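Going by the numbering used here, the first residue of the sequence shown is number 107, and it counts up by one from there. Positions of the beta carbon are idealized from the N, C-alpha and C atoms, including for glycine. Here the structure is a predicted model, which is why all the values come from computation and not from measurement. Notes to accompany the following structure.
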Amino acid sequence: MKIGEARAIYREQITAYRDQQQALQKQRQELQEKIDSTPDGKTIYAKEAATLELTYDAVSQKQQEYQDYMAKLLEQKSGYMDMMAAKNEGEAMKEYAEDMAKIMQVARRIMKGGIVPLSDERKLMEFDNDLYQMAKSIGAMVQLRKRKEYDSLWDEEEKEEPVDAQEYADEQQAISGSPEVVSVEETMELAESSV
107 MKIGEARAIY REQITAYRDQ QQALQKQRQE LQEKIDSTPD GKTIYAKEAA
157 TLELTYDAVS QKQQEYQDYM AKLLEQKSGY MDMMAAKNEG EAMKEYAEDM
207 AKIMQVARRI MKGGIVPLSD ERKLMEFDND LYQMAKSIGA MVQLRKRKEY
257 DSLWDEEEKE EPVDAQEYAD EQQAISGSPE VVSVEETMEL AESSV
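Right, here's the structure in full:
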C-alpha cells in the first residue's frame, strides 16, 4: 500500500473512531447523571456502566493505535519529501554551476575574438551586461587573421522539471506493520461481547 493511500484510509478510521468516542463520552455522562439521580443507581446501572466503559476503552485504544501508525506514516512521508527536496536542490545547483561555466566560456571566447552564436551572447548579456560589454571590447581589440567560430554551448535539450516532493512521498511504499482496519461497530461489538 502506498503512503498516500494508507494516510487516506487511516485518516478516515481516526475520524470515525473519534466521532464514536465523543458519542460514547456523552453516553457516559448521561449514564452518570442517571446513576446520581436514582436511588441505588450504581447497582441498577452497574452492568450498563461496565459495558459502556469497556466499549469506550476499546474504541479509545483502537483510535490510539491508528493515530500511532499515522504518526509513523507522516514521519516516513516527511523523510521521503526531505530526500526529494534535497535531490531537486542538488540538481538545480548543478544546473546553475554548469550554466555559470558556460557563461564564463562564452565570455572567454568573445574576449579571444571568437564568433559565438547570438543566443550565447544573449545569455551572457542577460547574466551580466557589464561582463558582456567588457568581453566585446577586449574581443574587438584582438587582431587575429582568422577568427574562430564556435557552436552554442547550450543544447536544445528539454530541461526536466523537478519532482514534486509531496507527490513522490505519497507514491512510496508505506511502512509495514499497519494495524488491521476494523470498523468502529466491530470494535464496539467485540467489547460488548466480552462483558
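(message) Buried or exposed, going by whether 16 or more other CB atoms sit within 10 Å of the CB of Tyr-123?
(response) One-based indexing of the sequence shown puts residue 123 at position 17. Its Cβ being crowded by 16 or more others within 10 Å, Tyr-123 is buried.
(request) Please list, in chain order, all residues of the same chain as Met-187 whose beta carbon is under 8 Å from its beta carbon, the five residues on each side excluded. (result) Stepping through the sequence shown from its first residue, residue 187 is reached at position 81. Taken in chain order, the residues that qualify are Ala-271, Gln-272, Tyr-274, Ala-275.
(request) Report yes if the CB atom of Ala-280 is closer than 8 Å to the CB atom of Lys-108, and no otherwise. (result) By one-based count along the sequence shown, residue 280 stands at place 174. By one-based count along the sequence shown, residue 108 stands at place 2. Judged by beta-carbon spacing, Lys-108 lies within the 8 Å limit of Ala-280, meaning their Cβ atoms are closer than that value.
(message) Which residue marks the beginning of the alpha helix (DSSP H) containing Thr-144, and which one marks its end?
(response) Along the sequence shown, one-based indexing puts residue 144 at 38. Premise fails: Thr-144 is in no alpha helix (DSSP H) and is neither H nor E.
(request) For Gln-127, I'd like the list of residues in its chain whose CB is within less than 8 Å of its CB, leaving aside the five on either flank, ordered along the chain. (result) Here residue 127 corresponds to residue number 21 of the sequence shown, with the count starting at 1. The beta carbon of Gln-127 is closer than 8 Å to those of Tyr-162, Val-165, Ser-166, Gln-169 in its chain, skipping five residues each way along the sequence.
(request) Classify Asp-152 as buried or exposed, calling it buried when 16 or more other Cβ atoms lie within 10 Å of its own Cβ. (result) Here residue 152 corresponds to residue number 46 of the sequence shown, with the count starting at 1. Per the sequence shown, the amino acid found at residue 152 is Ala instead of Asp. Ala-152 should be labelled exposed.
(message) Tell me which residue opens and which closes the alpha helix (DSSP H) that Val-165 is part of.
(response) Residue mapping note: residue 165 aligns to position 59 of the sequence shown, counting from 1. Judged by DSSP secondary structure, Val-165 falls within the alpha helix (DSSP H) whose first and last residues are 152 to 217.
(message) Check for me: the alpha helix (DSSP H) holding Lys-254 runs from which residue to which?
(response) Residue 254 sits at position 148 when you count from the first residue of the sequence shown. Counting along the chain, Lys-254 falls outside any alpha helix (DSSP H), and DSSP gives it neither H nor E.
(request) Could you pull out every residue in the same chain whose Cβ sits closer than 7 Å to the Cβ of Gln-211, ignoring the five residues on either side in sequence? (result) Within the sequence shown, the letter at position 105 stands for residue 211. The answer, listed in chain order, is Leu-259.
(request) Could you spell out where the alpha helix (DSSP H) holding Val-290 opens and where it closes? (result) As a position in the sequence shown, residue 290 is number 184, starting the count at 1. Element bounds for Val-290: 290 to 299.
(message) Let me make sure I understand the geometry here. Which of Pro-268, Tyr-116, Asn-235 has the alpha-carbon closest to that of Tyr-175?
(response) The residue you call residue 175 lines up with position 69 of the sequence shown. Answer by Cα proximity: Tyr-116.
(message) Can you find the residues in the same chain that come closer than 7 Å, C-beta to C-beta, to Val-287, ignoring five residues on each side of it along the sequence?
(response) By one-based count along the sequence shown, residue 287 stands at place 181. Closer than 7 Å at Cβ, skipping near neighbours: Ile-115, Gln-119.
(message) Classify Tyr-202: buried if its beta carbon has 16 or more other beta carbons within 10 angstroms, exposed otherwise.
(response) Along the sequence shown, read from residue 1 onward, the residue named residue 202 stands at position 96. Classification of Tyr-202: exposed, given that the 10 Å Cβ count is below 16.
(message) Can you check which of these residues, Leu-237, Asp-261, Leu-224, is closest to Glu-255 by C-alpha distance?
(response) By 1-based counting over the sequence shown, the position of residue 255 is 149. Looking at Leu-237, Asp-261, Leu-224, the one whose alpha-carbon comes closest to that of Glu-255 is Leu-224.
(request) Go ahead and pull the three-state DSSP assignment for Gln-138. (result) Residue mapping note: residue 138 aligns to position 32 of the sequence shown, counting from 1. In the structure shown, Gln-138 sits in a helix (DSSP, three-state: H, G or I).
(message) For Glu-136, tell me which candidate among Ala-155, Lys-208, Arg-215, Asp-125 has the shortest Cα-Cα distance.
(response) Your numbering for residue 136 matches position 30 in the sequence shown. Nearest Cα to Glu-136 within the set Ala-155, Lys-208, Arg-215, Asp-125: Ala-155.
(request) Please classify Asp-236: is it buried, with 16 or more other beta-carbons within 10 angstroms of its beta-carbon, or exposed? (result) Taking the sequence shown and counting its residues from 1, one reaches residue 236 at position 130. Under this definition Asp-236 is an exposed residue.
(request) Starting from Gln-279, follow its DSSP beta bridges and name the residues at the other end. (result) As a working mapping, residue 279 is identified with position 173 in the sequence shown. Answer is Lys-108.
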